[in-house]
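Asker: First to last, the protein sequences are chains W and C.
Take 1 as the starting number for the first sequence in this note's numbering and just add one per residue.
Take 407 as the starting number for the second sequence in this note's numbering and just add one per residue.
Cβ coordinates follow ideal geometry from the N, Cα and C atoms, glycine included.
Could you have a look at this structure, given as structure tokens, before my questions?
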Amino acid sequence: MANDLFNSFMNGPDDKGRFGDFGGRFVSETLMPLILELEAEYEKAKTDDSFWAEMDDLWKHYVGRPSPLYFAERLTDHCGGAKIYMKRDELNHTGAHKINNVLGQILLARRMGKTRIIAETGAGQHGVATATVCARFGLKCIVYMGAHDVERQAPNVFRMKLLGAEVIPVTSGRGTLKDAMNDALRDWVTNVRDTFYCIGTVAGPHPYPAMVRDFQSIIGKEAKEQLMEREGRLPDTIIAAIGGGSNAMGLFYPFLDDKDVRIIGVEAGGKGVNEKMEHCASLTGGRPGVLHGNRTYLLQDDDGQILEGFSISAGLDYPGIGPEHSWLHDIGRAEYVAITDNEALEAFQLCCQTEGIIPALEPSHALAHVTKIAPDLPKDHIIIMNMCGRGDKDIFTVARALNVDI
Amino acid sequence: MTRIDAKFAELKAAGKKAFVAYVMGGDPDYETSLQVVKGLPNAGVDIIELGMPFTDPMADGSTIQLAGQRALEGGMTLEKTLQIARELRKTDDTTPIVMMGYYNPIYNRGVDQFLVDAKEAGVDGLIVVDLPPEEDDELCIPAQAAGLNFIRLATPTTDDKRLPTVLQNTSGFVYYVSITGITGSAEAQAADVGPEVARIKAATDLPVIVGFGIKTPDAAASIAGVADGVVVGSAIVSEIAAGKPVEDVLEFVKSLADGAHRG
Chain W
1 MANDLFNSFM
11 NGPDDKGRFG
21 DFGGRFVSET
31 LMPLILELEA
41 EYEKAKTDDS
51 FWAEMDDLWK
61 HYVGRPSPLY
71 FAERLTDHCG
81 GAKIYMKRDE
91 LNHTGAHKIN
101 NVLGQILLAR
111 RMGKTRIIAE
121 TGAGQHGVAT
131 ATVCARFGLK
141 CIVYMGAHDV
151 ERQAPNVFRM
161 KLLGAEVIPV
171 TSGRGTLKDA
181 MNDALRDWVT
191 NVRDTFYCIG
201 TVAGPHPYPA
211 MVRDFQSIIG
221 KEAKEQLMER
231 EGRLPDTIIA
241 AIGGGSNAMG
251 LFYPFLDDKD
261 VRIIGVEAGG
271 KGVNEKMEHC
281 ASLTGGRPGV
291 LHGNRTYLLQ
301 DDDGQILEGF
311 SISAGLDYPG
321 IGPEHSWLHD
331 IGRAEYVAIT
341 DNEALEAFQL
351 CCQTEGIIPA
361 LEPSHALAHV
371 TKIAPDLPKD
381 HIIIMNMCGR
391 GDKDIFTVAR
401 ALNVDI
Chain C
407 MTRIDAKFAE
417 LKAAGKKAFV
427 AYVMGGDPDY
437 ETSLQVVKGL
447 PNAGVDIIEL
457 GMPFTDPMAD
467 GSTIQLAGQR
477 ALEGGMTLEK
487 TLQIARELRK
497 TDDTTPIVMM
507 GYYNPIYNRG
517 VDQFLVDAKE
527 AGVDGLIVVD
537 LPPEEDDELC
547 IPAQAAGLNF
557 IRLATPTTDD
567 KRLPTVLQNT
577 SGFVYYVSIT
587 GITGSAEAQA
597 ADVGPEVARI
607 KAATDLPVIV
617 GFGIKTPDAA
627 ASIAGVADGV
637 VVGSAIVSEI
647 AAGKPVEDVL
657 EFVKSLADGA
667 HRG
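Here is the structure:
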């Protein structure tokens, strides 16, 4: 293992952008110089105190960080076992963790003199966060969104437009999140001089997986300090939902070297991880391949053609996963499980009723796994789950699934 | 010496520019695309670029993407694309075949297995869009060891500092991408392309072939005039997409070849 050098799981990626065998820079030559420039600029910014001072200021006054670490008392009683804490990133400005990363990338874009920001979005949360920060800094913003997602996430499309972004429905391929990412890359390759591509998850060519992780790591860093203050110790288990995996990587990363902390990532099992591929569980049901600039676990057929994922949650509907998760999976530092649509829907309702929190469908998957394992764990076992987004955007989808007319 | 090296030696001796034609393997179906490929040498094509369909062709415009979708919907696979090369080799042992596409289907088959199969099928070179020099250990170096040319793309963003990196492990020819953008989009301009080709030729002895944004016989002539040859892809694929009979497609290809050979 290349990253074993200092006996740490936190040293990745190596200088080729690899986490073990995963990651890398699988892009066309046109983009390669841009990616190298981005890497150099990010390396400079990372060690520049003024960059982080600006981030901290915006995180505090614009986003509302630190987000609370909340003891979910009634859910804990309901499960009757482990003590359940929620990291409340759904209370961030724009309602999800996505803005943590967007702020970092937009500040970097400004340092690089880029004036035009492009992004891809699935559920629309990353698109809304990007449109928001672009409005805040007066930057032009173009968001690529699969035509199917434009339909099922209409409120977020309208939000982006209110914020001054141009939303381009993507009909190429099958018109989904992966196609939106293809079209964003096509835009970037065409507009190389003035455009910054703001990727929403810990995937894509190096340095994106590491950079997005670093920006999202504020989640785990805060959670660690907050729990230390509250309980005087580390958690026993940390759990987060995974599409591309940015909220999970943000929570996990600061705990990777805390060997007694059990780490669990929850993938979208859709209708069940079966041969019909009606799920988005890349690690549980896929195998390694190369897409969107990195090697990682992918849903693919026997010929190496990429398959569409399926999930009730548009935010988890991606056939790949961040390369660092693939590595953590293969070396066994983190466990990955799948939760079905129905299990997530049940957890969604339970959270509304016991905690007065309407969760997004994405963290509802993490919550469903919490409710599965908590009852069998001792009362002094502490779980932190990442409540990475609020569910306002999902009420129409949930109503439909529950056969309710609204 | 591969068939590609031999072809360029022959063209040079005749004082001719190269005409490279791209078609997607299996578009719109296996049989039709095989007939098109078999007809290309007689239509004046010097080198055949045979597209390997992929679900997520990030560097291609809608024309090539839709061609790939048609092929995949018709049951096309990497194995069948190799079969097209095998079939052509039964009647033609000189026209170079370059397979072009994306890395995942090759990686999925296994690099070593793919190289054995490609060599056996009579393939001469590879263009894999999402393998920049930074990933040379993946396929480029094993391919050259197996006796296949690995043809690299150079682009307007490849500056003088980076150019040696791009040229280092390139063989066969250099494919200069005439525009920043995707296949089948903006038109290439000879006035922009000429100085760029000269810049690359100053750094390598390999032939420099220009592709992206060349759609007509006149454009082929004017771009070929400032390079060692041209590639046309989307314009040919559009004829196939329009459902033209094979002989009409080949006639259009011939007009492009005549244009390029005029250059």
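With a threshold of 7 Å on Cβ separation, who are the neighbours of Met482(C) within its own chain once the five nearest residues in sequence on each side are excluded?
Answerer: Counting from 1 along the second sequence, the entry for residue 482(C) is found at position 76. Only Gly431, Gly432, Tyr436 and Pro459 meet the Cβ criterion.
Asker: So is Ile490(C) buried or exposed if we call it buried at 16+ other beta carbons inside 10 Å?
Answerer: Within the second sequence, the letter at position 84 stands for residue 490(C). It counts as buried.
Asker: Please specify which runs of the beta strand (DSSP E), each continuous and at least 3 residues long, are wholly inside the segment 499-550 of chain C, giving them in chain order.
Answerer: With a minimum length of 3 residues, the continuous beta strand (DSSP E) runs that stay inside the segment 499-550 of chain C are 503-507 and 531-534.
Asker: Please list, in chain order, the chain C residues whose beta carbon lies closer than 7 Å to that of Asn294(W).
Answerer: Along the first sequence, read from residue 1 onward, the residue named residue 294(W) stands at position 294. Correct list: empty, because the minimum Cβ distance to chain C is about 10 Å.
Asker: If you count every other CB in all the chains shown that lies within 10 Å of the CB of Ser282(W), and 16 or more means buried, which is it?
Answerer: Counted from its first residue, the first sequence places residue 282(W) at position 282. Ser282(W) should be labelled buried.
Asker: Specify, as a first and last residue, the run of the beta strand (DSSP E) that Ile117(W) falls within.
Answerer: Here residue 117(W) refers to the residue found at position 117 of the first sequence. From DSSP, the beta strand (DSSP E) with Ile117(W) extends over Arg116 to Thr121.
Asker: Mind checking Phe158(W): buried by the 16 CB within 10 Å criterion, or exposed?
Answerer: Within the first sequence, residue 158(W) is the residue found at index 158, counting from 1. Exposed.
Asker: In angstroms, rounded to a whole number, what distance separates the CA positions of Leu493(C) and Gly669(C)?
Answerer: Working through the second sequence from its first residue, we reach residue 493(C) at position 87. Working through the second sequence from its first residue, we reach residue 669(C) at position 263. Sequence check: residue 493(C) is Glu here, not Leu. Going by the C-alpha atoms only, they are around 31 Å apart.
Asker: By DSSP's criteria, Gln300(W) is part of a beta bridge. Which residues make up the other side?
Answerer: Here residue 300(W) refers to the residue found at position 300 when the first sequence is read from its first residue. For Gln300(W), which the question treats as bridged, DSSP gives the partners Ile306(W).
Asker: Would a check of beta-carbon distances place Asp435(C) closer than 9 Å to chain W?
Answerer: The count along the second sequence starts at 1 and reaches residue 435(C) at position 29. Not closer than 9 Å to any Cβ of chain W, the Cβ of Asp435(C) fails to qualify, so no.
Asker: Give a yes or no on whether 9 Å exceeds the smallest Cβ distance from Met464(C) to chain W.
Answerer: For this step, residue 464(C) is matched to residue 58 along the second sequence. It does; some Cβ of chain W falls within 9 Å.
Asker: On the CB-based measure, 16 or more other CB atoms within 10 Å of its CB, does Asn274(W) come out buried or exposed?
Answerer: As a first step, residue 274(W) must be located in the first sequence, where it is residue number 274. It counts as exposed.
Asker: Would you mind sorting Arg462(C) into buried or exposed? The rule is 16 or more other CB atoms within 10 Å of its CB.
Answerer: Here residue 462(C) refers to the residue found at position 56 when the second sequence is read from its first residue. The question names Arg, but residue 462(C) is Asp in the sequence shown. When all chains shown are included, Asp462(C) counts as buried.
Asker: Taking only the alpha-carbon atoms, compute the straight-line gap between Pro447(C) and Thr501(C) and give it to the nearest angstrom.
Answerer: Counting from one through the second sequence, the residue named residue 447(C) turns up at place 41. Counting from one through the second sequence, the residue named residue 501(C) turns up at place 95. One C-alpha to the other measures close to 7 Å.
Asker: Asp466(C): which of Val63(W), Ile339(W), Gly289(W) and Asn182(W) sits nearest, CA to CA?
Answerer: Numbered from its first residue, the second sequence carries residue 466(C) at position 60. Ranking Val63(W), Ile339(W), Gly289(W) and Asn182(W) by Cα distance to Asp466(C) puts Asn182(W) first.
Asker: Three-state secondary structure (DSSP) at Tyr208(W)?
Answerer: The sequence position of residue 208(W) within the first sequence is 208, counting from 1. Three-state DSSP puts Tyr208(W) in a helix.
Asker: With three or more C-beta pairs closer than 8 Å as the rule, is the segment 221-234 of chain W touching the segment 243-260 of chain W?
Answerer: Touching, yes, given that three or more Cβ pairs across the two stretches are closer than 8 Å.
Asker: Counting Cβ pairs closer than 8 Å, one from the segment 98-110 of chain W and one from the segment 121-138 of chain W, do we hit at least three?
Answerer: Yes, the segment 98-110 of chain W is in contact with the segment 121-138 of chain W.
Asker: Would you call the segment 146-166 of chain W and the segment 192-210 of chain W in contact, with 3 or more CB pairs under 8 Å?
Answerer: Touching, no, given that fewer than three Cβ pairs across the two stretches are closer than 8 Å.
Asker: Leaving out the 5 sequence neighbours to the left and right, which residues in its chain are closer than 7 Å to Ala419(C) when beta-carbon positions are compared?
Answerer: Mapped onto the second sequence, residue 419(C) falls at position 13. Around Ala419(C): no qualifying Cβ.
Asker: In three-state DSSP terms, what is Val443(C)?
Answerer: Against the second sequence, residue 443(C) aligns to sequence position 37. Reduced to three states, the DSSP call for Val443(C) is helix.
Asker: What are the uninterrupted segments assigned as alpha helix (DSSP H) that are 4 or more residues long and contained completely in the segment 210-289 of chain W, given in chain order?
Answerer: Qualifying alpha helix (DSSP H) stretches, in chain order: 218-231, 246-252 and 282-285.
Asker: Would a C-beta distance cut-off of 9 Å place Val504(C) and Leu537(C) closer than the cut-off?
Answerer: Looking up residue 504(C) in the second sequence gives position 98. Looking up residue 537(C) in the second sequence gives position 131. No, these two residues do not count as a Cβ contact at 9 Å.
Asker: Spell out whether any CB of chain B is found under 9 Å from the CB atom of Thr438(C).
Answerer: Within the model displayed, chain B is absent; protein chains W and C are what it includes.
Asker: Using a Cβ-Cβ cut-off of 9 Å, state whether Phe535(C) counts as contacting chain W.
Answerer: Reading the second sequence from its first residue, position 129 is the one you call residue 535(C). Note that residue 535(C) is Val in the sequence shown here, rather than Phe. It does: the Cβ of Val535(C) has a partner Cβ on chain W nearer than 9 Å.
Asker: Would you tell me roughly how many angstroms separate the C-alpha atoms of Lys444(C) and Asp498(C), rounded to the nearest one?
Answerer: For the purposes of this step, residue 444(C) is taken as the residue at position 38 of the second sequence. For the purposes of this step, residue 498(C) is taken as the residue at position 92 of the second sequence. Their Cα atoms are separated by approximately 8 Å.
Asker: Looking at the C-beta of Gly587(C), does it have a partner C-beta in chain W at a distance below 9 Å?
Answerer: Working through the second sequence from its first residue, we reach residue 587(C) at position 181. Yes, because at least one Cβ of chain W sits closer than 9 Å to the Cβ of Gly587(C).
Asker: Could you please tell me which residues of the segment 548-572 of chain C, in chain order, have their CB closer than 8 Å to any CB of chain W?
Answerer: Here the close residues are Arg558, Leu559, Ala560, Thr561, Pro562, Thr563, Thr564, Asp565, Arg568 and Val572.
Asker: Mind checking which residues open and close the alpha helix (DSSP H) that includes Lys98(W)?
Answerer: For the purposes of this step, residue 98(W) is identified with residue 98 of the first sequence, where counting begins at 1. Lys98 to Arg111 is the span of the alpha helix (DSSP H), which, as asked, contains Lys98(W).
Asker: Start and end of the beta strand (DSSP E) containing Val404(W)?
Answerer: In the first sequence, counting from the first residue as 1, residue 404(W) sits at position 404. Neither: Val404(W) is in no beta strand (DSSP E) and is coded neither H nor E.
Asker: So Gly243(W) and Ile218(W) are supposed to be a Cβ contact under 8 Å. How far apart are they, rounded?
Answerer: Counting from one through the first sequence, the residue named residue 243(W) turns up at place 243. Counting from one through the first sequence, the residue named residue 218(W) turns up at place 218. With 8 Å as the limit, Gly243(W) and Ile218(W) do not qualify as a contact, their Cβ atoms being about 19 Å apart.
Asker: Which value, in whole angstroms, describes the spacing of the CA atoms of Ala627(C) and Val643(C)?
Answerer: In the second sequence, residue 627(C) corresponds to position 221, counting from 1. In the second sequence, residue 643(C) corresponds to position 237, counting from 1. Approximately 19 Å between the Cα atoms of the pair.
Asker: Using a cut-off of 7 Å between C-beta atoms, extract the partners of Arg186(W) located in chain C.
Answerer: Position 186 of the first sequence, counted from the first residue, corresponds to residue 186(W). Residues of chain C passing the Cβ test: Met464 and Ile588.
Asker: In or out: Thr296(W) buried (at least 16 other Cβ within 10 Å) or exposed?
Answerer: Position 296 of the first sequence, counted from the start, is the residue given in the question as residue 296(W). Answer is buried; the Cβ neighbour count reaches 16.
Asker: Note down the Cα distance separating Ile406(W) from Ala248(W), rounded to an integer number of angstroms.
Answerer: For this step, residue 406(W) is matched to residue 406 along the first sequence. For this step, residue 248(W) is matched to residue 248 along the first sequence. Taking the straight line from one Cα to the other gives about 33 Å.
Asker: On the DSSP bridge assignment, give the partners of Val426(C) in chain order.
Answerer: Reading the second sequence from its first residue, position 20 is the one you call residue 426(C). Answer is Ile453(C) and Val637(C).
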